[in-house]
Structure formats: C-alpha cells, structure tokens
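Each residue of the sequence shown is one higher than the one before, counting from 99 in the working numbering.
Don't be surprised by glycine CBs; every beta carbon is placed ideally from N, CA and C.
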Amino acid sequence: MTNIKIITILAILMIGILMTSGCTQTEESNSNNNPTPSGNMEDNPADKPNDNLENNVKPDADDWCSIGTYVTGSTGKMTVTGIENHKIQGNTMELCCSESEFTGEDFEMKQKVCYTQDEDYSLMWQSTPESNELVLFSESYPQGDKLCVKVFNPDGSILMEACD
C-alpha cells in the first residue's frame, strides 16, 4: 500500500472522528462561524515537531510535481502547490506538496500533504477544530522493509507511532 493511500485513509478517519466527536464548531459555539486563529506554524514551534516545515516553495523541478495540477483521491481534489524542503527522521528532503479544503454543514478543514517522488516519505498537516491554521498531523517513512507512521496531537506530541 502506497503512502498516498495510507494518508488518504488517515484523512478519512480524521474527518470521521471530527464529525462524530462533537469537536467541530457549530453556529451555537461560534456565532460568527469564523474560527479564531491561534497563530501559524512559524509562530508556534510545538506545531512542527522535528522542525519539519521549512516553507521554501521551489518551482516544479519536473513533471512529478507540476504546480497547479490536481491530485485526486477518495477525500477529494488537492491542488499541487510545488516542491518544498522538509525534514523527516532528521533528513531534509524535497517533497511535492498539495493542499485542499473540505467543508461540510458543521465543519471546515484544511489539509496539506507532502511526499517524495517515490512516495516513501510523507507529511500531512490538518487544521484543528479550534483554529483554521495547519498543524502537523502525521509523518510516514520507511524503516528497513517496514512503513512507519507517526500521528501527532495538535500540540506536537506524538499520539501514536507504528511500523508495519
């Protein structure tokens, strides 16, 4: 199973959890229906474990990451934003990134996914119910012949780590 498929499954699970847990904002909980931002990733180091985000988008290097094209999956269409440098497991690498927004009756969520050309390494950010800012949600990487996934809490602490 490729990392993109795993990320898609994680995204679907996260959306389902948000929708069923009561963690999403409703008009009663926020009369103007606009979440209050808690800052961006650069302002809050806890939102980026291991200094993963280095926010320097490069022009697309080749066809594997063409800016403006779309990646379509079971959760919807994501717009490719370009190649960025990110750190995973202590190694800085070029990842192709794409972004999307999902809206429903009682929720709005942003998502950003970045992955290597061979799809062995990936990162995913999602907005939190309390804020419309992106925080690191998951990181996947190979370890030997296994695929490892870390899932993070919004404060940057590790919620779950597994290799399979």
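{"Check": "Straight-line gap, Glu-192 to Ser-238 (C-alpha atoms, nearest Å)", "Outcome": "14 Å"}
{"Check": "With 16 other Cβ atoms within 10 Å as the buried cut-off, status of Met-176", "Outcome": "buried"}
{"Check": "CB contact flag (Thr-179, Ser-196, <8 Å)", "Outcome": "yes"}
{"Check": "Cβ-heavy atom distance, Ala-260 to the ligand GTP, below 7 Å", "Outcome": "Questions concerning the ligand GTP fall outside what the structure shown contains, since it holds no ligand whatsoever."}
{"Check": "Sequence-distant residues of its chain with Cβ nearer than 8 Å to Ala-260 (five each side left out)", "Outcome": "Cys-246 and Val-247"}
{"Check": "Counted within 10 angstroms of its Cβ, other Cβ atoms place Tyr-168 as buried (16 or more) or exposed", "Outcome": "exposed"}
{"Check": "Nearest-angstrom Cα separation, counted from Pro-252 out to Gly-137", "Outcome": "With a pLDDT of 33 at Gly-137, under the threshold of 50, the predicted position of this residue should be treated as unreliable, though the coordinate-derived value follows. The alpha-carbon atoms of Gly-137 and Pro-252 are separated by roughly 13 Å."}
{"Check": "Own chain, CB closer than 7 Å to Ser-255, minus 5 neighbours either side, in chain order", "Outcome": "none"}
{"Check": "Cross-strand partners of Phe-235 (DSSP beta bridge)", "Outcome": "Phe-235 pairs with nothing; no bridge assigned."}
{"Check": "Pair within 8 Å by beta-carbon distance, Leu-221 and Ile-181", "Outcome": "no"}
{"Check": "Local Cβ density within 10 Å of Met-258, reported as buried at 16 or more and exposed below that", "Outcome": "exposed"}
{"Check": "Whole-angstrom C-beta distance between Lys-208 and Asn-183, which should lie under 8 Å", "Outcome": "About 21 Å; that fails the 8 Å criterion."}
{"Check": "Residue span of the beta strand (DSSP E) that contains Tyr-213, given as start and end", "Outcome": "206-213"}
{"Check": "Continuous beta strand (DSSP E) stretch holding Gln-187: start and end", "Outcome": "From DSSP, Gln-187 is part of no beta strand (DSSP E); its letter is neither H nor E."}
{"Check": "Extent of the continuous beta strand (DSSP E) run through Glu-259", "Outcome": "256-261"}
{"Check": "CB of Tyr-213 within 8 Å of CB of Cys-194, strictly", "Outcome": "yes"}
{"Check": "Buried/exposed call for Trp-223, threshold 16 Cβ in 10 Å", "Outcome": "buried"}
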